[in-house]
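Undergrad:
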Amino acid sequence: MTRDFVTIVVIGNESLIGGNKMSGRDYLHIWYETQLVAALFFLLVISGWEMYVGIHQGYLMIFLGVITAIGLIVASLPAVPTWLAATNRWLQAIFQPLALLMVWGTVTRQIIVRLQLPARGVVVLALIYYLIMFAPLASEIGGAFKWGLSRLCYSFYWFLLIILGMTISLPVKFAGPPIMQTIVSSHVVGALAFLITATTLMRAWELAWPGLLPKFGWGWSWLTFAFLVAVDLVVTGVNIGGVSLTTLRQGLTSSSNFLVALCAGIGEETLCRFVILAVLLVALKNTRWPLGGPLAVSALLFGFAHLLNAAGQPLADTVLQITGTVGFGLFYLVVFLYTGQLWLTILMHFLFDWLAFAADGTGGVTLLTGTPTTSSWVLTLVELVFFILLTVWMMHGKRRTVLERHAQRLMGSDQSFGYRLDFRF
Numbered sequence: 007m008t009r010d011f012v013t014i015v016v017i018g019n020e021s022l023i024g025g026n027k028m029s030g031r032d033y034l035h036i037w038y039e040t041q042l043v044a045a046l047f048f049l050l051v052i053s054g055w056e057m058y059v060g061i062h063q064g065y066l067m068i069f070l071g072v073i074t075a076i077g078l079i080v081a082s083l084p085a086v087p088t089w090l091a092a093t094n095r096w097l098q099a100i101f102q103p104l105a106l107l108m109v110w111g112t113v114t115r116q117i118i119v120r121l122q123l124p125a126r127g128v129v130v131l132a133l134i135y136y137l138i139m140f141a142p143l144a145s146e147i148g149g150a151f152k153w154g155l156s157r158l159c160y161s162f163y164w165f166l167l168i169i170l171g172m173t174i175s176l177p178v179k180f181a182g183p184p185i186m187q188t189i190v191s192s193h194v195v196g197a198l199a200f201l202i203t204a205t206t207l208m209r210a211w212e213l214a215w216p217g218l219l220p221k222f223g224w225g226w227s228w229l230t231f232a233f234l235v236a237v238d239l240v241v242t243g244v245n246i247g248g249v250s251l252t253t254l255r256q257g258l259t260s261s262s263n264f265l266v267a268l269c270a271g272i273g274e275e276t277l278c279r280f281v282i283l284a285v286l287l288v289a290l291k292n293t294r295w296p297l298g299g300p301l302a303v304s305a306l307l308f309g310f311a312h313l314l315n316a317a318g319q320p321l322a323d324t325v326l327q328i329t330g331t332v333g334f335g336l337f338y339l340v341v342f343l344y345t346g347q348l349w350l351t352i353l354m355h356f357l358f359d360w361l362a363f364a365a366d367g368t369g370g371v372t373l374l375t376g377t378p379t380t381s382s383w384v385l386t387l388v389e390l391v392f393f394i395l396l397t398v399w400m401m402h403g404k405r406r407t408v409l410e411r412h413a414q415r416l417m418g419s420d421q422s423f424g425y426r427l428d429f430r431f
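Below, the structure written as structure tokens:
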């Protein structure tokens with residue numbers, strides 16, 4: 007008795023009969039096309055309705071629908087000219103996430119309002135899908151970016167859009183009960199969605215998974231690790247100052263403080279310690295500073311990213327904040343490269359922000375007010391100098407060997423790619 011094996015294998019944009027394995031990116035390609043079809047359908051319906059009732063946003067929906075249609079056509083063709091592929095790549099990178107956001111938010115709102123279904127259940131399901139909604143786009147479009155600069159720009163743009171765009175397309179008032187409104191307004195789901203998107207991007211670029219289990223090797227020192235943890239605890243303690251235990255206890259019970267700090271820890275560490283560092287390590291690996299260069303540039307980018315806060319706070323406060331975050335950026339980079347564990351820097355960052363929010367009673371608001379004092383500047387500059395010296399110390403001896411080993415792993419060395427699932431019928 008014979009057995010026939012029939013499986014479809016998707017390679018690039020072609021479907022071939024006769025293979026027996028499909029990779030994860032093959033499935034993401036199918037999901038990408040399916041999601042485009044659904045998005046195009048809803049964009050046509052939404053734009054038609056808004057044009058009918060006289061809402062000017064309908065023109066935006068038509069434009070996004072055209073971009074989505076172009077993306078669907080290009081994805082369905084077995085081969086396209088290089089110029090068309092490049093043009094479509096940038097169009098989809100910029101506008102397709104906006105289309106997905108608009109469709110996601112509009113459909114969720116209409117289900118709640120028109121069908122009168124319980125907001126809590128609808129929003130929970132919508133948030134679950136939001137977590138994975140951008141993964142197909144990251145694999146199909148983001149994975150095609152090869153230049154370091156385009157990868158950096160793409161990652162930062164998506165960081166802002168995925169984390170902050172949720173409350174634009176789905177206003178907090180539609181989230182239902184207060185706890186759901188707190189979750190949505192904290193952007194923590196957006197941060198988790200960005201982590202999943204970034205992991206998909208890194209695999210598409212054949213870079214690393216985020217570290218989950220430590221892999222110790224030659225040069226590792228528990229004493230050095232304990233020293234880094236002690237530094238983190240001391241700096242975190244100094245940052246909260248002499249606040250009373252009563253004030254601190256009240257702040258720690260705030261769900262808003264907890265969730266906003268968690269959002270900052272997950273989102274910023276994923277972008278700056280995971281994605282940006284890996285991209286810079288690859289881009290600068292053949293320069294005179296294959297390790298120090300990426301560390302310095304990544305820390306500076308992390309600091310200057312806070313320049314966006316100047317829109318809501320005095321410039322002097324923003325400069326102080328940038329100076330401080332450059333130092334902390336260096337420290338978290340060293341911890342990440344020495345341990346190879348992203349979750350550890352996420353935890354450190356989260357605890358720092360959570361205790362800071364609890365101590366100053368900001369309710370998770372990270373903007374500063376007033377004029378920085380001399381003592382604030384002195385403390386910030388002392389921290390910056392200390393973190394620079396700590397980084398220099400870590401880049402010598404056996405410690406550098408550990409940093410370089412984890413840097414190689416972050417760049418995809420000693421990892422498997424192209425894993426395929428074998429389905430036989």
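For the sequence shown, the working numbering gives the first residue as 7, with consecutive numbering after it.
Here a beta-carbon is modelled for each residue, glycine too, at the ideal position from N, C-alpha and C.
1. Please report whether the beta-carbon of E274 lies at a distance below 8 Å from any beta-carbon of chain D.
2. Could you spell out where the alpha helix (DSSP H) holding R294 opens and where it closes?
3. So does the stretch 309-322 actually touch the stretch 253-262, counting three or more Cβ pairs closer than 8 Å?
4. Anyone know if the C-beta pair for T93 and A141 falls short of 8 Å?
5. In terms of alpha-carbon separation, which member of L390, G111, F162, Y33 lies closest to A302?
6. Between which two residues does the alpha helix (DSSP H) containing A141 stretch?
7. DSSP on M401, reduced to helix/strand/coil?
8. Roughly how many angstroms lie between the CA atoms of D32 and W89, to the nearest whole one?
9. So the candidates are W215, W37, V178; which of them puts its Cα closest to the Cα of M417?
10. Select from K404, T173, G154 the residue whose C-alpha is nearest the C-alpha of K291.
11. Suppose you measure from the CA of H193 to the CA of L133; what does that come to, to the nearest Å?
12. I need the straight-line Cα distance from A232 to L357, nearest angstrom please.
13. Using the Cα positions of T375 and A210, report the straight-line distance between them to the nearest angstrom.
14. Which class does L373 belong to by DSSP, given the choice of helix, strand or coil?
15. Between which two residues does the alpha helix (DSSP H) carrying R279 extend?
16. Alpha helix (DSSP H) containing S250: first to last residue?
17. Reducing DSSP to helix, strand and coil, say where S261 ends up.
18. Whole angstroms are fine: how far does the CA of A413 sit from the CA of L287?
19. Which partner residues does S304 have in the DSSP bridge list?
20. Tell me whether S156 sits in a helix, a strand or coil according to DSSP, three-state version.
TA: So, from the listed chains and residues:
1. You won't find chain D in this structure, because it holds only one protein chain.
2. Counting along the chain, R294 falls outside any alpha helix (DSSP H), and DSSP gives it neither H nor E.
3. no
4. The answer is no: Cβ separation not under 8 Å.
5. L390
6. 141-146
7. Here M401 sits in coil by DSSP.
8. 24 Å
9. W215
10. In terms of CA proximity to K291, G154 leads the group K404, T173, G154.
11. 11 Å
12. Cα-Cα distance, rounded: 17 Å.
13. Since pLDDT at T375 reaches only 48, below the 50 mark, its modelled position is unreliable, and the value read off the structure follows with that caveat. If you take the alpha carbons of T375 and A210, they lie about 42 Å apart.
14. With a pLDDT of only 49 at L373, under 50, the local geometry of the prediction cannot be trusted, and the value read off the model is given with reservation. It is coil, neither helix nor strand.
15. No alpha helix (DSSP H) holds R279; DSSP gives it neither H nor E.
16. It is not in any alpha helix (DSSP H) - S250 carries neither H nor E in the DSSP assignment.
17. helix
18. 7 Å
19. According to DSSP, S304 bridges with nothing at all.
20. In the three-state scheme derived from DSSP, where H, G and I count as helix and E and B as strand, S156 is classed as helix.
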